[in-house]
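Protein chains in written order, with my numbering: chain A, 27 to 426; chain B, 27 to 426; chain C, 27 to 426; chain D, 27 to 426.
Built from N, CA and C at the ideal position, the CB exists for glycine as well.
This one's a predicted model, so the numbers in the text were calculated from it and none came from an experiment.
Some notes on the structure that comes next.
4 protein chains.
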Amino acid sequence: MDFALSPRVEDFQRRLKAFLVAHIYPNEALAEARIAEGNRWQAIPVIDELKQKARAEGLWNLWHHDPKIGAGLSNVEYATLCEAMGRSPIAPEVFNCSAPDTGNMELLWKYGTPAQKDRWLTPLLEGEIRSAYVMTEPDVASSDATNIAAEIKRDGNDFVINGRKWWISGVGHPRCRILIFMGKSVANAERHKQHTMVLIPMDTPGVEVVRPLPIFGYDDAPHGHCEMRFTNVRVPAENLILGEGRGFEIAQGRLGPGRIHHCMRAIGQAERALEAMVRRARTRVAFGKPLADQGVVRQAIADSRIEIDQARLLTLHAAYQIDTVGAKEARSEIAAIKVAVPAALLRVIDRAIEVHGAAGVSDDFGLGWSFAWARTLRIVDGPDAVHREAIAKLELRKYN
Amino acid sequence: MDFALSPRVEDFQRRLKAFLVAHIYPNEALAEARIAEGNRWQAIPVIDELKQKARAEGLWNLWHHDPKIGAGLSNVEYATLCEAMGRSPIAPEVFNCSAPDTGNMELLWKYGTPAQKDRWLTPLLEGEIRSAYVMTEPDVASSDATNIAAEIKRDGNDFVINGRKWWISGVGHPRCRILIFMGKSVANAERHKQHTMVLIPMDTPGVEVVRPLPIFGYDDAPHGHCEMRFTNVRVPAENLILGEGRGFEIAQGRLGPGRIHHCMRAIGQAERALEAMVRRARTRVAFGKPLADQGVVRQAIADSRIEIDQARLLTLHAAYQIDTVGAKEARSEIAAIKVAVPAALLRVIDRAIEVHGAAGVSDDFGLGWSFAWARTLRIVDGPDAVHREAIAKLELRKYN
Amino acid sequence: MDFALSPRVEDFQRRLKAFLVAHIYPNEALAEARIAEGNRWQAIPVIDELKQKARAEGLWNLWHHDPKIGAGLSNVEYATLCEAMGRSPIAPEVFNCSAPDTGNMELLWKYGTPAQKDRWLTPLLEGEIRSAYVMTEPDVASSDATNIAAEIKRDGNDFVINGRKWWISGVGHPRCRILIFMGKSVANAERHKQHTMVLIPMDTPGVEVVRPLPIFGYDDAPHGHCEMRFTNVRVPAENLILGEGRGFEIAQGRLGPGRIHHCMRAIGQAERALEAMVRRARTRVAFGKPLADQGVVRQAIADSRIEIDQARLLTLHAAYQIDTVGAKEARSEIAAIKVAVPAALLRVIDRAIEVHGAAGVSDDFGLGWSFAWARTLRIVDGPDAVHREAIAKLELRKYN
Amino acid sequence: MDFALSPRVEDFQRRLKAFLVAHIYPNEALAEARIAEGNRWQAIPVIDELKQKARAEGLWNLWHHDPKIGAGLSNVEYATLCEAMGRSPIAPEVFNCSAPDTGNMELLWKYGTPAQKDRWLTPLLEGEIRSAYVMTEPDVASSDATNIAAEIKRDGNDFVINGRKWWISGVGHPRCRILIFMGKSVANAERHKQHTMVLIPMDTPGVEVVRPLPIFGYDDAPHGHCEMRFTNVRVPAENLILGEGRGFEIAQGRLGPGRIHHCMRAIGQAERALEAMVRRARTRVAFGKPLADQGVVRQAIADSRIEIDQARLLTLHAAYQIDTVGAKEARSEIAAIKVAVPAALLRVIDRAIEVHGAAGVSDDFGLGWSFAWARTLRIVDGPDAVHREAIAKLELRKYN
């Protein structure tokens with residue numbers, strides 16, 4: 027058992043952290059200010075500049091395990107970079123490592139036809155366009171994805187798509203050009219073989235963004251989480267991914283690594299909240315002594331350190347399982363991090379808020395947004411109950 | 027020991043609830059839509075109409091214990107009405123029972139000179155103007171209010187005020203006309219006799235609203251929580267409240283009942299979140315059965331019921347203590363509700379969010395805002411640690 | 027809403043507390059020492075002496091609401107006395123107010139025939155004999171009491187009883203003379219009409235105590251919680267209580283007030299643990315200052331005060347509901363205290379243990395036993411899940 | 027980062043688990059029964075037989091990193107064996123791997139003189155005698171070990187020892203022959219250089235075992251946790267360990283690996299409790315379906331799996347830190363497991379108890395004792411607050 031990183035990963039870590047310090051942190055306020063003024067749904071110039079810089083430094087598509095495309099790292103190795111990127115809400119996009127694009131690129135890379143890859147994967151890898159993953163629906167409990175009801179209907183050489191979707195992240199961005207859409211198409215098949223995925227270009231007639239959905243009070247512009255309507259949207263048959271009725275097969279493959287990324291970024295977020303907590307505690311005086319000298323604050327700091335370390339190790343171990351036995355065999359471990367990590371992050375941020383007083387719930391220290399996102403993350407890909415259920419099922423099988 | 031309400035209070039309850047059903051709930055969406063469009067910092071017409079209606083029905087200034095002015099209820103009796111009003115974020119203002127105005131009116135009623143009352147209390151009781159309470163500062167840990175550093179300096183027949191303040195709730199409203207300002211004026215007195223309160227009309231030169239502060243992304247327009255700057259603000263000596271160095275004496279008297287009101291409104295909010303949770307659970311189907319039939323959801327519902335009932339009883343008992351032994355003798359009980367009630371509310375809303383899935387963090391069910399406010403309430407008037415400290419001190423004195 | 031006690035109850039309170047200080051606390055160690063030596067399953071002489079003294083002072087059968095028999099108090103009034111008695115593990119028996127005898131006496135008083143009352147209720151009220159309630163079985167999940175399988179079979183003018191039971195509290199006491207036994211007798215009736223209760227004198231052939239069952243290492247001698255075997259035990263038909271198939275009807279009536287008593291005693295226990303925590307914190311010095319000056323300890327004290335007060339108010343309110351609308355209508359409130367109060371007690375004792383260090387888990391401060399009992403109380407009358415289920419069912423009915 | 031075990035460790039794992047299944051589990055009840063009857067403070071014959079067998083199979087002194095003495099494993103490797111041994115309360119002694127003997131042997135191995143090693147280390151390694159570590163005192167808060175007040179006084183060529191000690195684990199065993207005693211001897215030195223360790227043979231005049239101390243209701247015979255009195259106990263100067271005033275230096279070295287062992291055994295205990303929970307859930311039926319099909323029980327199982335895995339990874343990582351940077355540099359990680367692991371274990375056992383109903387608090391499933399021990403473990407080597415304090419101090423230093 028060896029917890030050390032390879033020299034190559036250590037080098038990436040070092041360069042990534044240096045980039046954060048030199049370029050990302052100093053530009054966070056600028057990026058935010060830019061969003062606050064005027065039309066919120068525009069690309070942010072400073073982000074575009076940073077993307078150029080990151081790419082020039084070879085910090086680009088770090089997520090891809092094929093060294094010809096990305097950093098050529100294992101899941102466990104890339105996970106450690108996700109933590110670093112997670113420290114800033116603007117960082118992942120700068121390195122072309124942000125959700126949902128990485129998952130979508132992975133999906134196209136694994137299941138796309140050469141033509142689909144040419145048309146969509148290439149510009150995504152270049153960071154020229156962005157993408158969205160269209161699954162959740164307002165009218166059904168989508169935590170049970172077999173409930174998904176939007177219709178994908180074969181009509182000659184086309185598919186015709188109808189339905190309402192929501193929580194479509196990233197679709198607010200003006201460069202979002204392609205949607206990966208999951209719907210129901212084979213009603214008479216068994217429950218997990220009824221759903222299909224197709225590619226829908228954003229500019230297809232009938233595709234409509236109804237409204238952005240806020241998380242708590244944040245619209246996350248220009249990325250956004252939106253409600254959409256699809257009305258008689260028509261795409262050619264070659265936009266089918268993998269095959270009709272194979273939607274669940276594709277979705278499974280997409281989720282495992284994606285959860286690792288989300289969770290490791292969450293740990294980066296938690297580390298930054300802990301840093302903020304410590305800094306505030308050292309400088310703020312109440313009742314005659316710095317907060318840092320008060321037992322309850324010290325307890326908050328210690329518990330945060332413990333919980334962050336536990337969350338990180340659990341996630342790295344899950345990544346290791348994906349690397350060694352595969353996402354399917356590792357599904358209990360993957361479900362576990364989905365429950366444990368956002369919960370730990372929420373506790374850490376909550377303590378950071380408390381130590382900051384009212385400033386904590388505002389935007390001045392980024393903690394308000396951080397909490398909102400962490401709470402949302404507890405629900406993304408299904409609420410805790412769904413993942414606990416998956417773990418319990420496997421645990422109960424162990425002893426007959 | 028008799029937990030029953032008097033017939034008079036029961037009648038108020040009945041009428042208030044009927045008003046909520048008939049006029050408040052149906053107009054919540056309208057009020058919110060009105061804020062969303064155009065200038066967010068304007069009075070909301072539907073609120074003004076509802077105020078007229080409420081006053082016509084005798085549901086006005088319910089908080090005042092003098093029956094000539096308000097409903098003539100004890101703290102424990104009025105508390106039960108606060109719960110009803112707390113069910114809707116727009117309700118308290120409709121009945122002229124919203125913070126910080128009730129606390130400010132109470133303060134003026136108790137400590138104001140006849141001239142101060144004429145000028146400010148009368149229009150506040152009429153609901154014609156609004157007010158703000160200016161205490162917290164960005165540069166010091168205001169949870170220890172002796173840290174407050176803004177300067178109130180005597181200059182001939184005037185006071186000259188300088189300083190930065192923030193989290194000034196209500197100051198965003200265009201009808202906010204008067205500020206009750208706490209600052210330091212007697213630097214050489216003992217720690218709790220250095221601070222003074224003065225009245226500052228909103229239109230005094232040097233009074234400036236710097237920016238609204240969001241809570242988890244919500245600016246709470248048009249009410250708002252703002253940062254302010256006071257630069258050489260000059261008010262006449264007759265704007266002094268009670269006397270120089272008596273700021274803490276006034277602040278103490280203001281806090282007790284105010285916490286009862288906040289906590290009981292929080293309980294109303296919690297009841298509404300529980301109702302939402304139950305309704306969602308009954309209608310949403312996942313994995314082949316309604317959420318309402320799933321053990322974990324049922325546990326969430328049961329725990330919420332238990333925690334709400336405990337929170338309510340603790341608050342009513344604290345109100346009873348204020349009524350019978352006074353706020354000073356009841357300070358442990360008052361501190362206790364400040365810790366326990368927002369915490370319970372947060373747990374209830376969090377469960378409601380979880381049951382709603384992603385819809386829970388949005389604005390569609392009001393749960394996102396409700397959580398943001400509840401988390402903020404944990405900090406308003408000081409973080410938990412301050413109140414626990416007050417309780418512990420008294421508890422430790424019991425056994426020598 | 028009036029939280030004050032009547033002068034009569036206040037007088038009982040005063041006398042009871044004086045008795046505790048004068049006679050109970052000073053004899054706790056003696057009682058314990060007496061059990062530790064020799065045969066653990068003997069009556070404890072000092073308890074017998076204290077019983078005489080309590081009776082002489084009119085502090086006897088306080089639980090009974092008929093003033094000819096007991097104190098003539100309502101449930102809410104008696105509840106406040108239970109708290110006082112709960113402060114010492116030896117107190118309730120001294121006042122003839124201990125479980126399971128009070129519940130058994132209540133049951134006989136309500137449902138017993140005149141002959142049954144003469145034979146068993148009278149000596150129980152005199153404190154001459156003790157009794158046990160025989161329900162739980164090792165072979166089935168007794169939290170669902172319809173699972174109870176021990177057989178009560180009519181045979182001419184007799185009933186013949188067979189089966190295994192466990193967790194029969196009080197049966198270890200040498201003066202335990204009468205058992206109230208619940209078993210299955212009407213197999214073809216509907217689920218809640220199959221069970222019957224009969225009286226079984228302890229000395230009936232075929233009645234056998236198999237072994238005492240410890241709770242966390244404590245056998246609770248001489249009271250005890252025992253496993254029993256019933257082999258062809260024969261009792262005359264007149265030992266039937268109320269009627270065949272009416273076991274659940276009887277059990278329901280017994281449970282409501284019993285839970286109030288258990289919970290209020292638990293609150294007395296919690297208060298005593300808090301007192302111990304405070305005393306220890308004031309006298310113990312670590313890292314240069316008394317524990318009482320350390321923030322984490324002060325937090326523990328404050329949280330304990332808050333949780334105890336919430337637990338007490340919830341229980342008193344449930345008692346009030348029993349008094350005013352009856353145990354059936356109050357079943358949600360009764361279920362709520364069963365979940366909330368033992369949980370609060372456990373948290374308080376756990377903190378008291380932590381403040382005591384290793385001494386806390388020993389017998390030197392009574393905290394080890396107190397915790398063991400509190401944890402057991404969470405299971406007595408069914409685990410939390412059963413009670414949460416009952417609450418959820420009622421809550422879900424509120425909104426259709 | 028590689029979580030795999032070496033083939034050599036895997037082989038130990040396999041053999042150890044086979045031994046547990048073949049010899050340990052089947053003899054647990056026998057060992058317990060043997061203690062229950064007659065004199066509880068005798069060696070248990072079946073344990074002695076199992077020791078022979080384990081030694082014959084090469085499963086002996088596994089803890090020692092020198093392959094000439096033990097298994098020659100790193101801390102992280104041995105940790106995985108501790109988990110296996112932790113599954114049974116009787117296992118560690120069978121492999122001569124039980125506390126406090128391993129820590130004492132380690133101490134003698136590192137700091138003992140050749141004569142001390144000959145006299146005491148050799149028979150300990152052979153498993154012929156046992157030992158105790160004498161530190162904690164009833165009269166001071168020993169969590170701050172500088173409070174330790176028992177006196178070690180130089181008198182010519184002897185040391186004379188006086189003082190009261192308690193929680194001396196293992197001293198109840200008839201083969202306990204040697205004590206490692208920490209006391210104060212250099213009153214005028216700086217705070218961490220006043221304490222000294224000496225070896226005291228158990229049969230030295232003036233050494234007295236006052237009483238066994240129970241944890242909850244368990245005396246843990248024949249091992250025991252005892253109160254001791256030392257009255258003018260005289261030992262020769264050559265019984266000094268390392269040097270006068272060097273007690274803290276020795277104690278530090280002893281604690282790190284010891285906490286790894288305790289925590290990994292705790293994880294084994296937790297795994298066994300989870301197994302019990304699963305088995306019970308599968309076989310017990312309530313309200314018409316197995317507990318295993320009830321959502322709340324499934325949640326309990328899933329949360330236990332998550333928490334155990336987090337606890338294990340945190341501990342293995344701490345062990346890895348000891349192996350790579352040393353116990354001193356790893357003190358935050360070591361403090362973290364001391365807080366996190368017993369807490370996780372307690373939650374897991376508590377859930378297992380709840381699923382077992384009343385049987386859970388009894389001795390029938392070992393859960394009552396397991397909980398008692400886990401709660402005690404939270405205090406052993408200092409309560410949580412002490413360890414959180416150590417973590418917070420280091421965390422606060424990170425950002426200046």
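*Is there a Cβ from chain C that is less than 9 Å from the Cβ of Ile204/D?*
no
*Would you identify the three-state DSSP class for Val186/A, choosing helix, strand or coil?*
strand
*Interface residues of chain B around Phe29/C at Cβ under 7 Å?*
Met27, His343 and Tyr346
*For Leu239/D, name the three-state secondary structure that DSSP assigns.*
coil
*Neighbourhood of Thr257/B by C-beta distance below 8 Å, restricted to the same chain and skipping five residues each side*: Asn188, Gly232 and Glu234
*Touch check for the segment 340 to 358 of chain D and the segment 201 to 219 of chain C: three-plus C-beta pairs under 8 Å?*
no
*Element boundaries [beta strand (DSSP E), containing Leu205/A]*: Cys202 to Lys210
*Taking only beta-carbon positions, decide if Gly129/C is within less than 9 Å of chain A.*
no
_Would Thr148/D and His221/D be called neighbours here (beta carbons separated by less than 9 Å)?_
no
_If you measure between the beta carbons of Thr341/C and Ile293/C, is that distance less than 9 Å?_
yes
_Close beta carbons around Trp395/C, own chain, < 6 Å, minus the five adjacent residues each side_ = Tyr244
*asked:* By the 7 Å beta-carbon criterion, what residues does the segment 313 to 325 of chain D contribute toward chain G?
replied: Among the protein chains of the structure shown, namely A, B, C and D, there is no chain G.
*asked:* Under 9 Å, CB to CB, which of the residues in the segment 409 to 421 of chain C have a partner in chain D?
replied: Pro409, Asp410, Ala411, Val412, Arg414 and Glu415
*Just mark Asn183/D as buried or exposed, buried being the case when its beta carbon has 16 or more other beta carbons within 10 Å.*
exposed
*What residues in its chain sit with their C-beta under 7 Å from that of Val365/D, if we drop five residues either side in the sequence?*
Asp410, His413 and Arg414
*Comparing the C-beta of Thr162/C with each C-beta of chain D, is any distance below 9 Å?*
yes
*Nearest-angstrom Cα distance between Gly129/D and Asn122/D?*
11 Å
*Tell me whether Tyr425/B is buried or exposed, calling it buried when 16 or more other Cβ atoms sit within 10 Å of its Cβ.*
exposed
*Show which residues of chain C have a CB atom less than 7 Å away from the CB atom of Ala366/B.*
Ile332 and Gln336
*If you draw a straight line from the C-alpha of Val374/C to the C-alpha of Glu63/B, how long is it?*
51 Å
_Residues of chain C with CB closer than 8 Å to the CB of Phe242/D, please, in chain order._
Phe242, Gly243, Tyr244, Val387, Gly394, Trp395, Phe397 and Ala398
_Contacts of Asn173/A in chain B (Cβ-Cβ under 8 Å)_ = Val311 and Ala312
*State yes or no: is the C-beta of Arg331/B within less than 9 Å of the C-beta of Ala318/B?*
no
*asked:* Report the start-end ranges of each alpha helix (DSSP H) in the segment 253 to 323 of chain A that is 4 residues or longer and not cut off at the edges.
replied: 273 to 309
_Residue from Pro164/B, Phe185/B and Ile286/B whose Cα sits closest to the Cα of Ala175/B_ = Pro164/B
*Considering only the beta carbon of each residue, do Phe185/A and Val224/A sit closer than 9 Å?*
yes
*For Arg260/D, collect the residues of the same chain with a Cβ closer than 8 Å to its Cβ; drop the 5 residues on either side in sequence, then sort them by chain order.*
Asp181, Asp184, Phe185, Val186, Ile187, Thr230, Pro231 and Gly232
*So, helix, strand or coil for Ile354/B, using DSSP?*
Going by the sequence as given, residue 354/B is Lys instead of Ile. Residue state, collapsed to three classes: coil.
*Any Cβ of chain D within less than 9 Å of the Cβ of Arg66/C?*
no
_Among the candidates Gln39/D, Thr402/D, Ile73/D and Ile95/D, whose CA atom is the shortest distance from the CA of His49/D?_
Ile73/D
*Could you give the DSSP three-state label for Trp395/D: helix, strand or coil?*
helix
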